[in-house]
Amino acid sequence: MKKKSVLRGLTSVTAMIAAIALGASVAAVNNAPVINEKLGFATSKLVLKEGVTDANGDGVIDENDVEKPQYFKSDFAKDVNNVTEEELAAKNAAVAAFVELEAEEGAVLLFNNGALPLEKGASVTLLGRSTVNPYYKGSSGGGSGGTLVSYLEALQDPERAGFKVNQTVVDAYSADSSPKRNATARIIGESPISVLTDEAKASFASYGDAAIVMFSREGAESNDLHTNDSEGISQLALHKDEKDLMDLVQQYKENGTFKKVIVLINSAHPMEVKWMADYDVDACMIVGGLGASTGFRGVSDLLVGNANPSGRLVDTYASNSLSAPATQNFGEYRYTNYVDVAKNSSDNANDCIYYVAQTEGIYVGYKYYETRYEDCILNRFGASSTAGVFDSKGAWNYAEEMSYPFGYGLSYTTFEQKLTSVTRNNDNTTTVKGTVKNTGSVPGKSVVEVYAQTPYGDYEIKNGVEKSAVQLVGFTKTDLIPAGQTVDFEVTFDNYFLASYDRNAAKTYILSEGDYYVAIGDNAHDALNNILAAKGATGLFDIDGTAVSGDASKTYKWNQASLDAETFRYSKSGYEITNQMDEVDLNYYQDGLITYLTRSDWEKTFPVKATELTAPANLITKLSEDTYVKPADAPSAVELTLGAKNGLTLADMYGIPYEDPLWNDFVDQLTLSELINITMDQGGIAASVSVSAPHSGNGDGPDGIAGNAYVNESLAAATWSTEILRQLGNFMGEDALLRHGPQEVWCPGNDTHRTPFGGRNYEYYSEDANLAYILTGAECAALEAKGVSAGPKHFFANDQETWRTGVATYSNEQAFREIQLRAFEGAFTVGGATSVMSSFNRVGPIWIGHYKNIQDNILRGEWGFTGFIITDAAGSNSYMHTVQALASGTDMWCYTSGTAAENRTRETNKAVTTDDDGNVVQILKEIAHRVYYTYAHTNMMNGLSSLYNVVPVTPTWIYGVYGLNAVLWAIPLILAIVYALKSKKKEA
Amino acid sequence: MKNLQIKHEKKGVLRTILGVVLAAGMALSMMACGGGKESAKTLSEVQMMTPVEKTTYLVGETFDTTGLTLVGVYSDGSRSKVTDFSVDKTGPLTKEDTAVTITAGDFTFTQEIKVITPAEQVVMIPNNGVDTLEMFADGHIAVVGGAGTGSLEPDETYWSWDGETLRIWLTVYTEPSGPKEDHKTEMELHKNEVGDITFEYDVRGRWHMNYLLPASAMEGVLTPEARYPITE
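As given, the protein sequences belong to chains A and B, one line each in that order. Counting in our numbering, the first sequence runs from 1 upward without gaps. Counting in our numbering, the second sequence runs from 1001 upward without gaps.
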């Protein structure tokens, strides 16, 4: 009886296990493409064609008779088709060292009374829960693998700071079980002060050389930071537990226990820092998001002076993080008549009822604060009103609203920069030359920042052309300058950066009539003061309100006699630049729906509250419009050539120019089924047997694409070094090259830090478009040179995560062109990026993947882009209409497998067969042209020969899954049979 | 995505040779009669340009050729639609039917199909914009999508409809690959003004996502008469 019960129980348990395994197996097989990509399982293989000859004469016809090309070479591997473990290790060691360098060059020293650098081997107390739970990167794709060094390990590393760390305090934080920092739940996660028991406090005395306090903030994919959290304050403000800690630190500083207090800000988001003035903090450094890698080693080096800080802020550090005009319209807003919007749309309601009105126009980040400052100094346009006051006492006051301006950053040494010449070249560029002297006592690197001011006069006011008082146009970073020595610098910038987009009158870029100023400065505010000095303005003051006079000798001025609407009417690719985005402006649908901030009237136009919006009928129509109709001249689908036998393989196509008609012969070989498969990304696209194209790999993301992690992109940007960004692209390219993939990557991140709260600011460069333009050019060019198709994301205006899927982002053409689009532009026009990932959001009411004017006219036309456009993770998103998108310039659906792929395939087939629409087939053929032209110039081609056929294979793990299920089901089956036999025997 | 395996098979070599000989003879005789100024085109191959729209059937349904487009490719390079074809399965489909053979003259194609029971049928697919949850008629739920989330335990991830109330249970994770916080956690479902159902769920404990089940997806499915899960 007992044995029988055991048998029955075993049967039941094993059957349950088998059932669970079966469920898991079904889900796994459903997700097979993603699993294959993540685990590196091949879905196709190369098989030698018949007729291969014994080329090497060894009497055997095999792989060795095929010449395997190395179109893209490695700095680490002799033969990229046969990489050794030693070569891989050497590359990874170089990456680890590079990440350390990124951290060293990106850290920004905010203030320092001489406390830094600390002595090597000092006895320190590390405070703040980040000591044991540092922020590495936000939650999103990519940026994993390689060497991970924690904050604690790095600071105790004897080759670096070698600190003796107060372990009692470390243990106290480790034992804390209160909720940890959580970007998804938007929890700050600082430990309550109670974790620092009397025993912990007593330990301070033995580790009092310095108290190093580290605070962190963290964003995440699909989660913005809160502008008003559970404590009723912005997530970037100092919170209660942090304040309690600082009060305690202050107490022990005052009683002499802590000789120095150092604060580190471990965040990619500009945390408010003005509170430090209330405490006796000796030095503060922004160390940023250090990545899941070796970045903290760089922090360790910086703290003891093995490295000298040389980073500069890429974002404005406002006194109050809510004070930017953009923040007034950031988050969740529904149309007042959202029920009407939803009912009139075939899209899911959540994909069409949310919006954000970017009333700030071009006044993002420093462009707001510095422009308003100038107008205050010049006492005009109502700048000194109370509109937009957050921390000012009375009228708006720059010094009271500002902590640290864009471009700010100190060093352990000091520098003196001089401007010696500005030359306006004949090729629409300007060259700025000067010198930098290290006036301090230790070697250091200096960033030379070049800004410009362009005229804002009657024409601009009348036609709504907005101008920032200063805008970055160029920069350079010196090499290490020994103490006391002087070096020359030279910066050449594109005059395109001096042009403004006039959306109302000229409908193209203009060079305004009037006075132009170019200035160097230690930061945006310093440069503006230099310009104001040149203009003869008085009453200037520095960031802390100290009166200054500016330095006119650091400026250069010229006059443009009349408005020029021709020089930049045509892009470098020869494409005429004119309005393409009238529909993004709410006033296009009804006058007065949106009021943009204009510097001509600060008081009346500063957005003191969020824009409330009732969608008019014509806007509701636009929100759900499906524009695709078969053209009258569309050919018959049936009569178009498909599946031709032209004998071309992908291996034959390397180096074939995009315009070469041979591409037509190549594409003609593909079947319709293959053409449609090309549009479905599943971590890459499936192999195309007809053209012997292997399956491809597409990968994520800005912080690392193939087995190594790098610092957050915003920290890399804070290096203000095109050389660092070039090396970043080079190393990521090597990562992919040596692993034979991915071939296309969703990086870098090129959206804008429109507000400090953007959930993914960590993987975007900056609040400034021109800084992003220049840096992304360097990074993308390096990636492409290693055979990786750089695919900047998320194109574009994906500056908030809240309701990112389908949120309508309204602005105007000047702002979009000069802010959001400009940040992407350099990736293509300078960096030659050959792919791009579009965004989830709508641009205006139109999802970007449907916006033909932008994808085909701006991206492909104005910027000369020849690669492919992949969506963000599309799946079954209802507002992404399959055929409409393909007809509007979209080429590939990201992460679209299983049912989603079947549905999109069905919709595409139906568009072809209904009314025999050959236009859809022609679109698909052009997509195949773009996609394979792109892959044909990536690392996929290394080792690929036309002597191979491509054969689809089932990954081995799937056989394993089948086998495992068979075994798991066999066990309960056998047990059940035994049980049945025993029961029968017993009955007998 | 379902794999379509299409096999081209020429049947009857003798018949083909005979056809070619006859065609050649016909051409010669036409030329002799003065009617052969243009050589007659011959059918080189038949291609399946688009497959049938429907590849999954419930037991008892019949094969539907809607969407199927066969194209004849001729010796002169011209192409035209082939409408004269037949299928080998015309009656009610059973679980044992896994493929249908389509024949057009000498060319045959194999169209894989899947015949399922109602309990294998996906009823609704809420999504978060990236990932989907496939809700099957037997009550289990599969997680599919870009997050690469893998599977959730079927005995802890399920749904029900009693004619009035929809309920969904998912496995909650505290960290990406870490321990489950709780088994059989019921989602808090909200119905908005337009009838959509939404709920929040941390995919793999990592991505905080808003899932949406559109009103249109529930229309005609979650009726007062319907009951889920269906037990066979």
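Think of the CB as a built atom: it goes at the ideal place given N, C-alpha and C, for glycine as much as any other residue. If you're wondering where the values come from, they're calculated on a predicted model, not measured in any experiment.
Residues of its chain near residue i, where Cβ-Cβ distance is below 8 Å and the 5 sequence neighbours each way are ignored
i: E254(A); result: D280
i: T14(A); result: L968, I971, P972, L975
i: D915(A); result: K630
Proximal residues to residue i (C-beta, below 6 Å), its chain only, five neighbours per side dropped
i: T184(A); result: A220, N223
i: D244(A); result: I193
i: V518(A); result: V422, A452, Y556
i: Q1121(B); result: A1137
i: D315(A); result: P270, H753, E767
i: V132(A); result: Y173, S174
i: V836(A); result: G791, P792, F795, I869
i: T1157(B); result: I1141, L1170, T1171
i: E583(A); result: G844
i: A717(A); result: V314, Y765, S766, L775
i: G9(A); result: none
i: S876(A); result: A900
Interface residues of chain A facing residue i [CB-CB closer than 9 Å]
i: T1069(B); result: A637, V638, L672, N909, V912, T913, D916
In DSSP terms, what residue i is bridged to
i: S636(A); result: D917(A)
i: G514(A); result: Q560(A)
i: F72(A); result: F72(A) is not bridged to any residue.
i: N949(A); result: V47(A)
i: N939(A); result: Paired residue(s): none; N939(A) is not in a bridge.
i: D1202(B); result: H1208(B)
i: T1103(B); result: S1086(B), T1108(B)
i: I435(A); result: Correcting the residue identity first, residue 435(A) is Thr in this sequence and not Ile. DSSP output for T435(A) lists K418(A), D488(A) as bridge partner(s).
i: D700(A); result: W746(A)
Other residues of its chain near residue i: CB distance less than 7 Å, five sequence neighbours each side excluded
i: Q250(A); result: Y279, D280
i: V1221(B); result: V1123, M1124
i: D1162(B); result: R1227
Option nearest residue i by Cα separation, candidates the options
i: L1070(B); options: D1162(B), V1144(B), P1214(B), D1106(B); result: D1106(B)
i: K477(A); options: N677(A), F865(A), D488(A); result: D488(A)
i: S323(A); options: M246(A), S403(A), V339(A); result: S403(A)
i: G434(A); options: A97(A), D544(A), G305(A), E416(A); result: E416(A)
i: V990(A); options: S123(A), V149(A), N750(A); result: What is shown of chain A runs 1 to 988, which leaves residue 990(A) out entirely.
i: A211(A); options: E102(A), L924(A), G536(A), L127(A); result: L127(A)
i: G806(A); options: T1065(B), G1129(B), G1139(B); result: G1129(B)
Residue i: contacting residues in chain A (beta-carbon distance under 7 Å)
i: I1125(B); result: S876, T899
i: T1050(B); result: L672, N909, V912, T913
Closer than 8 Å at the beta carbon, the chain A residues around residue i
i: Q1047(B); result: L642, G643, T671
i: P1214(B); result: N348, A349, S878
i: E1053(B); result: R906, N909, K910
Chain B residues whose Cβ lies nearer than 8 Å to that of residue i
i: E221(A); result: W1207
i: V339(A); result: E1193, V1194
Contact list for residue i against chain B, beta-carbon separation under 7 Å
i: A342(A); result: V1194
Heavy atom of the ligand HEM within 8 Å of residue i beta-carbon
i: C780(A); result: In the structure shown, the ligand HEM is absent, as is every other ligand, since no ligand is present at all.
Chain B residues whose Cβ lies nearer than 9 Å to that of residue i
i: R334(A); result: Chain B residues near R334(A): none, gap ~10 Å exceeds 9 Å.
Looking at chain A, which residues of the segment 1197-1208 of chain B have a Cβ within less than 8 Å of any of its Cβ atoms?
-> Within the segment 1197-1208 of chain B, contact with chain A at the beta-carbon level (separation under 8 Å) is assigned to T1198, D1202, R1206, W1207, H1208.
Chain-ordered residues of the segment 1076-1096 of chain B with a beta carbon less than 9 Å from chain A = Correct list: G1077, S1078, R1079, S1080, K1081.
Closer than 7 Å, Cβ to Cβ, to anything on chain B: give me those residues from the segment 132-150 of chain A, in chain order.
-> For the segment 132-150 of chain A, which is checked against every Cβ of chain B, the residues closer than 7 Å are S139.
Please list the residues of the segment 1113-1137 of chain B that have a C-beta atom closer than 9 Å to any C-beta atom in chain A, keeping them in chain order.
-> Listed by position along the chain: V1122, I1125, N1127, N1128, G1129, V1130, D1131, T1132, E1134.
Scan the segment 820-842 of chain A for residues whose Cβ lies nearer than 8 Å to a Cβ of chain B and list them as they occur along the chain.
-> For the segment 820-842 of chain A, the set of positions with a beta-carbon nearer than 8 Å to some beta-carbon of chain B reads F840 in chain order.
What residues in the segment 797-813 of chain A have a beta carbon less than 7 Å from any beta carbon of chain B?
-> For the segment 797-813 of chain A, the set of residues with a beta-carbon nearer than 7 Å to any beta-carbon of chain B comprises T805, in chain order.
Can you give me, in chain order, the residues of the segment 167-193 of chain A that have a beta carbon less than 8 Å from any beta carbon in chain B?
-> Correct list: T184, A185.
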